[in-house]
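First up is the structure itself, then whatever we jot down about it.
Numbering (the working numbering), first residue to last: -16 to 187.
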């Protein structure tokens, strides 16, 4: 099969299917090397498993949740520059990793911290080099939830190939797993592995 990616958007409806069927269907669709693909699922296990498989297959993943229907938007990382704005989209292997341990930026006013966090992510999208990964732990996992004020820029970072890694233990602690709207559920070992691979680490 040719390595050339197909530019036509593919939509895959996997609603009503239990795992592993959505993953199998996604695998077959990705074998055709689409530049973009949208997968619709209606259960949490399918959402998580499809997202993990897509990420391991070289696709950026952003997730939208509408009344229990998860819309997974997959974008081939290596072709993102040809599909979007012309900017460099895929994260560089030597780029830094960002570790966020809270959902506000700085200490002092929580209200100001929320405003600063939103400004941080909007500004991050304008940098010439994107981070390799954004890792969310503790209350930082709120940033990836459906009602997060920084959800749009986080989804755009994911679409551009930045790994959004969300601590599963933290999601369970805050009862947020079903509200996860972007990124992949991960664990401390995977977070540490990513930290050691990155060129440098920014901790906020």
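Think of the CB as a built atom: it goes at the ideal place given N, C-alpha and C, for glycine as much as any other residue.
Element boundaries [alpha helix (DSSP H), containing residue i]
i, result
"residue 265", "Outside the displayed range of the chain (-16 to 187) lies residue 265, so it cannot be described from this structure."
"residue 184", "Per DSSP, residue 184 belongs to no alpha helix (DSSP H); it is in the beta strand (DSSP E), 184 to 186."
"residue 105", "93 to 107"
"residue 174", "171 to 180"
"residue 139", "134 to 142"
"residue 147", "No alpha helix (DSSP H) contains residue 147, which is instead part of the beta strand (DSSP E) from 146 to 150."
"residue 191", "Shown here, the chain extends from -16 to 187; a query on residue 191 therefore has no answer."
Closest by C-alpha distance to residue i, when choosing among the options
i, options, result
"residue 191", "170, 105, 7", "Look at the range of the chain in this structure, -16 to 187, and you will see that residue 191 is not part of it."
"residue 81", "157, 6, 117", "117"
"residue 154", "143, 146, 167", "167"
"residue 174", "142, 121, 136", "121"
"residue 180", "110, 8, 114", "114"
"residue 185", "83, 18, 42, 150", "83"
"residue -6", "11, 2, 171, 1", "11"
"residue 47", "35, 22, 95, 41", "22"
"residue 42", "187, 145, 79", "145"
"residue 16", "1, 97, 59", "59"
"residue 131", "97, 2, 93, 0", "97"
"residue 35", "0, 93, 147, 138", "147"
"residue 133", "2, 85, 1, 0", "85"
"residue 171", "156, 2, 152, 187", "152"
Residue interval of the beta strand (DSSP E) (run including residue i)
i, result
"residue 42", "42 to 49"
"residue 53", "52 to 59"
"residue 24", "19 to 24"
"residue 164", "First-last for residue 164: undefined, no H or E at that position."
"residue 1", "Unbroken run through residue 1: none, as it is neither H nor E."
Check whether residue i and residue j have beta carbons under 8 angstroms apart
i, j, result
"residue 33", "residue 6", "yes"
"residue 28", "residue 9", "no"
"residue 57", "residue 31", "no"
"residue 136", "residue 95", "no"
"residue 178", "residue 124", "no"
"residue 110", "residue 119", "no"
"residue 25", "residue 4", "no"
"residue 79", "residue 183", "yes"
Expected contact under 8 angstroms - CB spacing of residue i and residue j to nearest Å
i, j, result
"residue 149", "residue 129", "Their Cβ separation, rounded to whole angstroms, is 13 angstroms, which puts residue 149 and residue 129 out of contact at 8 angstroms."
"residue 13", "residue 40", "5 angstroms"
| Touching or not, the region 89 to 107 and the region 149 to 164, by the rule of three or more beta carbon pairs under 8 angstroms? | no
| Quick one: any contact between the region 38 to 54 and the region 78 to 89, if contact means 3 or more CB pairs under 8 angstroms? | no
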